[in-house]
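In this note's numbering, the protein residues as written are 4 to 249.
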């Protein structure tokens with residue numbers, strides 16, 4: 004197990020609970036997980052440590068939401084996402100955390116702006132089906148996830164644009180991130196971000212992940228469809244601004 008101080012243990016216990024909550028509950032609610040975990044250990048090490056817990060929480064999410072998944076969207080996204088993971092792996096030593104956050108925040112705000120403009124002025128029911136849209140979002144999700152476990156807002160933008168109903172939104176997102184996070188594990192291990200000691204510590208945090216997961220399920224089942232969309236959009240805007248200024 005990793006040798007944490009009392010303060011570090013409090014932080015990772017809270018972080019593990021929030022990971023479970025964000026995976027089964029409202030997308031975007033895990034906005035502070037990455038900076039929180041990075042405050043307990045070296046930033047690069049925290050990406051591997053957090054990744055394992057994200058994959059654990061993904062299992063709980065897909066078990067609960069397994070019947071609510073749109074496989075056609077996953078088929079369009081995942082090939083490009085895997086390419087993005089490789090790109091992120093190659094760029095790890097060339098882009099700083101600060102640069103990555105600003106780029107991501109600006110892109111997400113840009114996508115949100117375009118989405119709002121289409122809804123406000125174009126008023127079309129036609130969804131963006133061109134392969135380039137899925138390619139852009141998939142590679143962006145894969146690369147940012149590999150470098151900073153920060154692809155959540157990107158996936159939210161894609162799924163909102165596809166106008167999926169609440170349950171299908173959460174289920175498709177859960178399967179996407181489970182597959183994505185599993186694909187990242189070998190890269191993080193090779194980089195030395197996942198060790199035997201970190202894995203034992205991750206295992207000790209499973210109860211917190213489960214508690215957070217069940218709390219997330221309890222909350223999201225009480226949120227109406229329209230309110231869900233508004234909350235997710237608001238949290239995504241907050242996440243994008245936070246990335247730009249943090």
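Glycine included, C-beta positions come from ideal geometry on N, C-alpha and C.
Here DSSP, grouped into helix, strand and coil, assigns residue 194 to coil. One Cα belongs to residue 116, the other to residue 35, and the distance between them is close to 23 Å. Under the three-state reduction of DSSP output, residue 42 falls in the coil class, being neither helix nor strand. For residue 114 and residue 165, the gap between their C-alpha atoms comes out near 13 Å.
Here the alpha carbons of residue 146 and residue 90 stand approximately 6 Å from one another. Residue 242 sits buried, since 16 or more C-beta atoms from the chains shown fall within 10 Å of its C-beta. As for any beta strand (DSSP E) of minimum length 3 sitting wholly inside the segment 163-219, there is none. Inter-residue distance for residue 39 and residue 54 is about 14 Å (C-alpha atoms, whole angstroms).
Closest in alpha carbon position to residue 4, among 29, 197, 21, 88, is 197. In this structure, 162 is the residue among 162, 6, 210 with its C-alpha nearest to the C-alpha of residue 72.
When secondary structure is reduced to three states using DSSP, residue 32 falls in the coil class, being assigned neither helix nor strand.
Excluding the 5 residues flanking it on each side, residue 70 has same chain C-beta neighbours closer than 8 Å at 174, in chain order.
Counting every other CB atom within 10 Å of its CB across the protein chains shown gives residue 108 a total of 16 or more, marking it as buried. In the structure shown, the three-state DSSP call for residue 153 is coil.
Per DSSP, the continuous alpha helix (DSSP H) segment holding residue 24 begins and ends at 9-27. In terms of Cβ geometry, residue 37 and residue 14 do not form a close pair [threshold 8 Å].
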